[in-house]
Amino acid sequence: MSEDQSAKGMPIMPNDLPSNDPVLSVLHEAESRYRAAVDDLQEETQAREVELAALRVQIRQARDRERQERERADGLAAALRDVHQVISHGDLYALILQVCLRLTGATRGLYITAGTHGCTRRVRAAVGIEGYPQSPPSSWLDAICQRLAGQDNPLIRNRSGDHDDLPLSTPTSESFQNFLAAPVLLLRDLHGVIVVADKPGEFDGDDAQTLLHVGSQAAVAAENIQLRQKLQNAYLATVSVLADAMEAKDPYTQGHCEMVSRYAGRIGRRLALDARQMTIVRYAALLHDIGKIGVSDGILNKPGPLLPAERDLVRSHVRLGHDLILHVPALAPVADAVLHHHEWYDGTGYPDGLRGAEIPVAARIVCVVDSYGAMISRRSYKEAYGGPYARAELSRCAGTQFDPEIVDNFLAALDEIDTEDFDGDREDDEIELAPLLGFEKEHTEIT
Ligand SMILES: [Fe+2]
């Protein structure tokens with residue numbers, strides 16, 4: 036008899052054998068133990084199979100959770116990229132409108148800014164409605180905005196009897212089958228109005244809550260962008276005042292700093308500096324001599340050689356400029372470049388005798404371009420030199436006064452432009468301040 040047969044319950048020992056045979060008794064006992072062992076084994080196997088099945092379920096659930104987490108993380112990352120894109124380069128209103136259409140299932144819509152605080156009411160974004168956003172809001176849209184001013188409740192119209200007190204929507208493009216209009220509130224003030232329309236089916240309370248929620252986020256985002264713009268404008272005004280003060284002090288340098296800044300930017304690009312370093316280079320070039328507003332005109336414009344004490348006063352402009360710029364928080368990273376723009380590559384410059392890479396790269400760039408600009412310009416104490424002479428001087432002093440790599444790049448940039456002066460380089464006029472404020476380049480205009 037096989038082991039398989041015994042496991043299926045067939046007797047191992049025949050039943051018609053004498054029951055008092057001691058050998059048979061032992062064999063029966065063994066058979067009983069064997070069967071019990073088989074039963075235990077089967078029970079154990081079934082238990083293990085149940086555990087295994089449960090483990091498989093757990094593994095599958097864990098994989099499902101992992102996939103859902105990954106999808107959620109991917110979705111969040113995509114949303115953050117959208118927000119980042121909008122803040123840096125895009126259109127906040129268009130994105131908000133798209134989100135509202137997607138979440139409510141509506142097929143057409145508009146985003147209108149409210150026209151409070153003396154601003155004109157404007158359609159900022161539109162989907163599926165002819166003429167907008169270029170055209171001013173119609174009288175119907177004006178009425179919607181006025182109705183929503185000062186209240187939190189959205190307007191829902193699913194059938195023609197609802198809100199019949201509103202003016203008729205004369206343009207055919209605004210003849211909606213149904214619509215939902217919600218206020219965008221900022222600190223209880225009406226910031227804008229979102230209108231979504233032509234939803235298959237009807238708008239309901241959930242749609243209204245969704246629009247209110249998205250609208251509140253939109254208002255905060257718009258406010259943040261406005262604050263950023265105001266902050267940047269305030270800093271740019273400060274820089275402008277500083278630059279004007281410097282030029283008013285020394286008419287010989289009029290326009291010089293803008294030229295130095297543009298050429299410094301070209302060198303920075305050739306050196307593949309990042310956005311933050313580029314901004315430091317441009318502003319350091321623009322403001323490198325700002326400390327001269329603390330040095331007397333008589334010394335600055337003295338035609339002859341300077342006495343040692345006068346030379347020390349002129350040299351103090353780097354420290355004065357550094358201290359002045361430190362008082363403008365966003366420009367603080369520029370201060371070191373201003374302090375060291377008269378250091379020499381071989382360590383024999385001032386104020387600290389830094390050498391080589393110890394000198395901030397922005398200061399090394401300004402040093403080269405400033406020297407070139409000074410050579411080709413007329414000053415109170417000298418006539419202008421020609422471009423070829425100035426180039427030769429830069430090459431001669433590369434490795435002693437100037438960083439040779441920067442001289443090479445500057446001469447290459449000059450060759451590219453093929454001119455001895457700085458005119459006609461208007462493409463480089465704009466200097467981004469955003470990197471010093473921790474912002475990406477700002478393109479979004481929110482008014
Ligand atoms: Fe200087």
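Those letters in the sequence shown? Residues 36 to 482, by this note's numbering. The beta carbon of each residue, even a glycine, is placed where N, CA and C say it ideally should be. These figures come from a predicted structure and were not determined experimentally.
According to DSSP, is residue i part of a helix, a strand, or is it coil?
{"i": "I22", "result": "Because residue 22 is not part of the residues shown, which for the chain are 36 to 482, the question remains open."}
{"i": "L215", "result": "strand"}
{"i": "V230", "result": "strand"}
{"i": "A82", "result": "helix"}
{"i": "R390", "result": "coil"}
{"i": "I164", "result": "coil"}
{"i": "T139", "result": "helix"}
{"i": "N55", "result": "coil"}
{"i": "L220", "result": "strand"}
{"i": "L145", "result": "strand"}
{"i": "S41", "result": "Model confidence at S41 stands at a pLDDT of 49, short of 50, so the residue's coordinates are unreliable; what they give is reported in the following sentence. Residue state, collapsed to three classes: helix."}
For residue i, which option in the options has the closest C-alpha, if you only look at C-alpha atoms?
{"i": "R297", "options": "S60, A397 and Q93", "result": "A397"}
{"i": "F211", "options": "H357, L176 and Q244", "result": "L176"}
{"i": "D381", "options": "D332, A392 and D371", "result": "A392"}
{"i": "F214", "options": "H226, K234 and D200", "result": "K234"}
{"i": "V295", "options": "V134, E64 and F445", "result": "F445"}
{"i": "I191", "options": "V330, Y424 and Q244", "result": "Q244"}
{"i": "A280", "options": "Q264, I260, I328 and N259", "result": "I328"}
{"i": "L277", "options": "C292, L266 and Q264", "result": "C292"}
{"i": "G140", "options": "G250, G356, D241 and S430", "result": "D241"}
{"i": "Q261", "options": "H226, V330 and L322", "result": "H226"}
With a threshold of 6 Å, establish whether the CB of residue i neighbours any heavy atom of ligand 1.
{"i": "D324", "result": "yes"}
In angstroms, rounded to a whole number, what distance separates the CA positions of residue i and residue j?
{"i": "R305", "j": "D126", "result": "32 Å"}
{"i": "L87", "j": "V73", "result": "20 Å"}
{"i": "N55", "j": "R95", "result": "58 Å"}
{"i": "I334", "j": "G290", "result": "21 Å"}
{"i": "A97", "j": "R91", "result": "10 Å"}
{"i": "A269", "j": "E237", "result": "48 Å"}
{"i": "L389", "j": "A307", "result": "24 Å"}
{"i": "A89", "j": "E79", "result": "15 Å"}
{"i": "A433", "j": "V442", "result": "7 Å"}
{"i": "A447", "j": "S412", "result": "20 Å"}
{"i": "A257", "j": "D358", "result": "36 Å"}
{"i": "L366", "j": "A372", "result": "11 Å"}
{"i": "P189", "j": "Q103", "result": "34 Å"}
{"i": "L138", "j": "L271", "result": "40 Å"}
{"i": "Q309", "j": "I400", "result": "For clarity, residue 309 is Asp in the given sequence; the question names Gln instead. Near 15 Å, if we compare the C-alpha coordinates of I400 and D309."}
{"i": "R70", "j": "Q93", "result": "34 Å"}
{"i": "E455", "j": "L449", "result": "Residue confidence for E455 is low, a pLDDT of 43 falling below 50, so the modelled location carries little weight and cannot support an answer."}
{"i": "I160", "j": "A217", "result": "What sits at residue 160 in the sequence shown is Ala, not Ile. Roughly 15 Å separates the two Cα atoms."}
{"i": "C402", "j": "R354", "result": "16 Å"}
{"i": "E462", "j": "G303", "result": "At E462, the pLDDT of 49 sits below 50, so the modelled position is not reliable and the matter cannot be decided from this model."}
{"i": "G408", "j": "T273", "result": "25 Å"}
Report yes if the CB atom of residue i is closer than 7 Å to the CB atom of residue j, and no otherwise.
{"i": "H375", "j": "I394", "result": "yes"}
{"i": "A283", "j": "A299", "result": "no"}
{"i": "A253", "j": "V219", "result": "yes"}
{"i": "V369", "j": "Y318", "result": "yes"}
{"i": "Q312", "j": "W379", "result": "no"}
{"i": "P172", "j": "V162", "result": "no"}
{"i": "I131", "j": "V228", "result": "no"}
{"i": "G326", "j": "H352", "result": "yes"}
{"i": "A425", "j": "M410", "result": "yes"}
{"i": "L145", "j": "Y128", "result": "no"}
{"i": "V255", "j": "V134", "result": "no"}
{"i": "L201", "j": "A178", "result": "yes"}
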